[in-house]
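Protein chains in written order, with my numbering: chain A, 38 to 214; chain B, 38 to 214; chain C, 38 to 214; chain D, 38 to 214.
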């Protein structure tokens, strides 16, 4: 492992620790919570601990790291708790992280009063994750967000930039009522 | 809820309890374990507790129920541990269960000496799962398994037959070495 | 080729000839045309020659055969005009036929005043089509049609029942204005 | 339309004319043709008219424009011949062009003696193409090409950079025999 990769891993772990120190205990938000924010501000409220952290993130041990307009980043360090019977990480981990990050990327583009829900998710598996892989990130970017539909794509990469999975999503965008 | 649906739920819970009573503690198998079985017999060895249960199934609390040639069934009762921030079940649960069941359906068709790995998974989300949904099953069926590639499709349904998610997968089939 | 397959091919060719004798020259419909029919009656009007046949069907030489609630069937006899550089049929033919049949299956479920548009299409290629394959059909079935979203799946099969491609689609359902 | 967009359209039309002047009449290649080239050189031989142009490209009136390692570009000017019954371009055009460009992007990475075949294609439709859209390009880029599997993603865009469709593919890579 090069010094550069080691430095990236160290930075990633620091950023994760910083987010974890701010996250509220996991729970659910109310429709009133969602209504009072733009999409991006809602995500920042999760990141800053103003709203509860996602329960599924706690169950699978991944955390959101960053959100900006059209882009979101999550992080996870795969472990044996994520394993399939064959001694590598179950595809469900990358699918769940991609589902989250892609939905965040779409959500980050929504004005106040709009919500989104995932209609469809596709994931390509490119390499096996194992408990030796170290921390990985899902980096998701919007392809297009229109009045009714949002599409985003994302990648699971390690600190050396190696890609493990690739995915895209179709979200329905609607008026919060 | 009709009496028929209640009876189905009761039967599903009994079948789950029967499988859980046989499952070995979760862990991983070795390549030697995989090599000594046909695809179907390997899955039956997991179901019968001759091989360790999948770790990811324990983490997300779902269990395999049944495997036959070209078909596999898993079961889960969604709970708040699977929730997204919006008060319903994260799409990652259906994705993970579909990934598993679809891979099992393909695997059930393999002769001894062949393995498979998931190249790609697509999931359509049709209805939200909640902690009130009760037990759901993923029922996966093979579309085609050739010498190098297997394709399967599956559905997440509740005891009343209502469909919550739909998915398909592409698996690479290869010689175990 | 068995006598049974030959009989199926003969029947398919007759059904195609019968549809072709009724089809109007290809063209486009107006929003007023669409508005006056339920989804199923609109498709039947195309099949019966009350509305113009699809232009893309003429370009790629495929025809609609049948529509019923939740189900649609198209037919095509692949030829060298559909070839890729490698001496078999380009994947675009199955993709285009699946796109059409899947959209028809969703459309067949819509009440008057509702329209649908394809958000997403996925196709699995299972076997190569060639100019020796003979007639093939796309048979599409609805998975679920809700108030805003419809999902359908379909298969490309030959007269012997051999499967060549498999696909699914996500459609947005909306009010015609 | 801005002067910049007009200039891009003019340049795109010139590049198309230049390619068309070099293309050989459409036809199929032999396995011997494929065997004697690296993946990239095979594509360049198509572009330079050393090998016959694709038949499906002639049928649907699109042309390859460019190939480099990991990237391919195709062009088409949508017309009424591509129309669905609703007065806009059938989704099959974008699907067929994406299928081609994505396969080219993967193929461009193959050493001599390796071939690839498309296992799966997914397309998102973002905006309707019409006969007023003018020329559009599919720009495809490799996500990852390994020993057995290649994945690529691509976009259909107009001269102003507006995106109409987005897609990804999974290809099987194998030894030519």
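Glycine included, every Cβ here is placed at the ideal spot set by N, Cα and C.
DSSP three-state call for residue i: helix, strand or coil?
i                     : result
residue 128 (chain B) : helix
residue 97 (chain D)  : helix
residue 31 (chain B)  : Nothing about residue 31 (chain B) can be reported from this structure: the residues present for chain B run from 38 to 214 only.
residue 192 (chain A) : strand
residue 42 (chain D)  : helix
residue 71 (chain A)  : helix
residue 159 (chain C) : strand
residue 47 (chain A)  : helix
residue 135 (chain D) : helix
residue 82 (chain C)  : helix
residue 76 (chain C)  : helix
residue 142 (chain B) : helix
residue 202 (chain D) : strand
State the CB to CB distance for the pair residue i and residue j, rounded to an integer number of angstroms; the pair is presumed to be in contact (CB under 8 Å).
i                     : j                     : result
residue 68 (chain B)  : residue 163 (chain B) : Between residue 163 (chain B) and residue 68 (chain B) the Cβ distance is about 38 Å, and since that is not below 8 Å, they are no contact.
residue 207 (chain D) : residue 121 (chain A) : Incorrect: roughly 20 Å between the Cβ atoms, too far for contact.
residue 180 (chain A) : residue 188 (chain A) : 4 Å
residue 139 (chain A) : residue 191 (chain A) : 5 Å
residue 193 (chain A) : residue 156 (chain A) : Not a contact, Cβ separation roughly 21 Å.
residue 166 (chain A) : residue 201 (chain A) : 6 Å
residue 132 (chain B) : residue 94 (chain A)  : Their Cβ separation, rounded to whole angstroms, is 15 Å, which puts residue 132 (chain B) and residue 94 (chain A) out of contact at 8 Å.
residue 152 (chain A) : residue 71 (chain A)  : 6 Å
residue 49 (chain C)  : residue 196 (chain C) : 6 Å
residue 54 (chain A)  : residue 80 (chain A)  : The Cβ separation is near 20 Å, so there is no contact.
residue 56 (chain A)  : residue 115 (chain A) : Incorrect: roughly 18 Å between the Cβ atoms, too far for contact.
residue 45 (chain C)  : residue 148 (chain C) : Not confirmed; about 35 Å, so no contact.
residue 51 (chain C)  : residue 102 (chain C) : Incorrect: roughly 11 Å between the Cβ atoms, too far for contact.
Can you check DSSP and say which residues form a bridge with residue i?
i                     : result
residue 209 (chain D) : D:154 and D:186
residue 89 (chain C)  : C:61
residue 110 (chain C) : C:103 and C:176
residue 181 (chain D) : D:188
For chain E, check one thing: does any of its Cβ atoms lie closer than 8 Å to the Cβ of residue i?
i                     : result
residue 132 (chain D) : Included in the structure are the protein chains A, B, C and D, with no chain E among them.
Give, in chain order, every residue of the segment 148-171 of chain D whose Cβ lies closer than 7 Å to some Cβ of chain C. Near chain C, meaning a CB-to-CB distance below 7 Å, the residues of the segment 148-171 of chain D are 155, 156, 157, 158, 159, 160, 161 and 162.
Check whether the segment 83-92 of chain B touches the segment 97-109 of chain A, counting contact only when three or more Cβ pairs, one atom from each stretch, lie closer than 8 Å. no
When Cβ atoms are compared, which residues of the segment 198-211 of chain D fall closer than 7 Å to chain B? 207 and 209
Could you tell me whether the segment 103-122 of chain A touches the segment 142-157 of chain A, where touching means 3 or more Cβ pairs closer than 8 Å? yes
So if I threshold CB-CB distances at 9 Å, which residues from the segment 176-194 of chain D count as touching chain A? For the segment 176-194 of chain D, the residues whose beta carbon sits under 9 Å from a beta carbon of chain A are, in order, 180, 181, 183, 186, 188, 190 and 192.
Along the segment 68-87 of chain B, where does the CB come closer than 8 Å to a CB of chain A? Name the residues. Hits within the stretch, in order: 71 and 83.
In the segment 47-61 of chain A, which residues sit with their C-beta less than 7 Å from some C-beta in chain B, listed in chain order? none
By the 7 Å beta-carbon criterion, what residues does the segment 104-124 of chain A contribute toward chain B? 117, 118, 119, 120, 121, 122, 123 and 124
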